[in-house]
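So the structure is just underneath, and the comments pick up after that.
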């Protein structure tokens, strides 16, 4: 079965510290992986996707097919990074246009 | 910018009432979705639609129905609201499935529904 697991419901770090939000997935085939973010009082929006291999707001994520992981990383956390983060996957086995979301990790960056 | 608009930010309804949640998108997207967002449970797909008048059940369709009469509009209907349907409801749209990597979902601001 296709599944996205985010093991941490809450992650709290100090400003300037490195942050890693974990994401593991279960999927037969080659999925597309995404990270979505929801800042306070804002709508859920795409942060980045693995196919783009881009860095957005200092965040990067590497797809590790061997470990079936897609962890989100940032070397130096900022207070404005505090938000809810969802890992998600899409693929032909999900029905194509469907996206499966993890339960989310709330990141809290302390001053 | 893609715009997905949900008709209400907050709704308070009574048990047993019929509730309509409306969603409109302005980017000519084929696909539209309704999710529930609950703490600790993430986003759970209720229903989705990949074309006008087409609908598919998601993971938690019980107690809900949907309507898509026009491409830009996707309505979620609670036939008889119950207290366990108190939640944040998110509407989303995405373009047609040409390339999976472009299967980005665009979300509305959400409707927080309280059923008393």
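Protein chains in written order, with the working numbering: chain A, 1 to 111; chain B, 1001 to 1116. Cβ coordinates follow ideal geometry from the N, Cα and C atoms, glycine included.
Nearest candidate by alpha-carbon position, reference residue i, set the options
i                      : options                           : result
residue 102 (chain A)  : A:79, A:42, A:24 and A:31         : A:24
residue 1155 (chain B) : B:1015, B:1103, B:1095 and B:1027 : This structure cannot speak to residue 1155 (chain B), because chain B is shown only from 1001 to 1116.
residue 1056 (chain B) : B:1006, B:1080 and B:1035         : B:1035
residue 61 (chain A)   : A:98, A:39 and A:34               : A:34
residue 1060 (chain B) : B:1047, B:1091 and B:1089         : B:1047
residue 111 (chain A)  : A:75, A:66 and A:80               : A:80
residue 1044 (chain B) : B:1053, B:1090 and B:1111         : B:1090
residue 1116 (chain B) : B:1053, B:1085, B:1058 and B:1109 : B:1085
residue 49 (chain A)   : A:106, A:77 and A:59              : A:59
residue 6 (chain A)    : A:107, A:86, A:39 and A:92        : A:86
Cα-Cα separation between residue i and residue j, rounded to whole angstroms
i                      : j                      : result
residue 1076 (chain B) : residue 1064 (chain B) : 7 Å
residue 1087 (chain B) : residue 1113 (chain B) : 6 Å
residue 36 (chain A)   : residue 88 (chain A)   : 7 Å
residue 1051 (chain B) : residue 26 (chain A)   : 28 Å
residue 73 (chain A)   : residue 1018 (chain B) : 44 Å
residue 128 (chain A)  : residue 90 (chain A)   : Residue 128 (chain A) lies beyond the stretch modelled for chain A, which goes from 1 to 111, so this question has no answer here.
residue 113 (chain A)  : residue 22 (chain A)   : In the structure as shown, chain A starts at 1 and stops at 111, and residue 113 (chain A) therefore has no counterpart that could be examined.
residue 64 (chain A)   : residue 84 (chain A)   : 23 Å
residue 1041 (chain B) : residue 104 (chain A)  : 8 Å
residue 30 (chain A)   : residue 2 (chain A)    : 12 Å
residue 13 (chain A)   : residue 76 (chain A)   : 10 Å
residue 78 (chain A)   : residue 71 (chain A)   : 18 Å
residue 1104 (chain B) : residue 66 (chain A)   : 25 Å
Assumed close pair residue i, residue j - CB separation to whole angstroms, cut-off 8 Å
i                      : j                      : result
residue 1022 (chain B) : residue 1068 (chain B) : The Cβ separation is near 11 Å, so there is no contact.
residue 11 (chain A)   : residue 19 (chain A)   : 7 Å
residue 1013 (chain B) : residue 1081 (chain B) : 5 Å
residue 1092 (chain B) : residue 1020 (chain B) : Their Cβ separation, rounded to whole angstroms, is 18 Å, which puts residue 1092 (chain B) and residue 1020 (chain B) out of contact at 8 Å.
residue 1066 (chain B) : residue 1049 (chain B) : 7 Å
residue 109 (chain A)  : residue 15 (chain A)   : 6 Å
residue 1109 (chain B) : residue 1006 (chain B) : 6 Å
residue 1111 (chain B) : residue 1011 (chain B) : 6 Å
residue 32 (chain A)   : residue 51 (chain A)   : 6 Å
Problem - Continuous beta strand (DSSP E) assignments of at least 3 residues falling wholly in the region 1029-1108 of chain B - result: Listed in chain order, the complete beta strand (DSSP E) runs (minimum 3 residues) inside the region 1029-1108 of chain B are 1031-1038, 1042-1049, 1064-1070, 1073-1078 and 1087-1094.
Handout entry: Three or more C-beta pairs below 8 Å linking the region 34-54 of chain A and the region 1022-1030 of chain B
Key = no
Handout entry: Whole runs of the beta strand (DSSP E) within the region 66-108 of chain A, excluding any shorter than 3 residues
Key = 72-74, 83-90 and 99-101
Handout entry: beta strand (DSSP E) runs wholly inside the region 1001-1025 of chain B, at least 3 long, in chain order
Key = 1004-1006, 1010-1013 and 1019-1025
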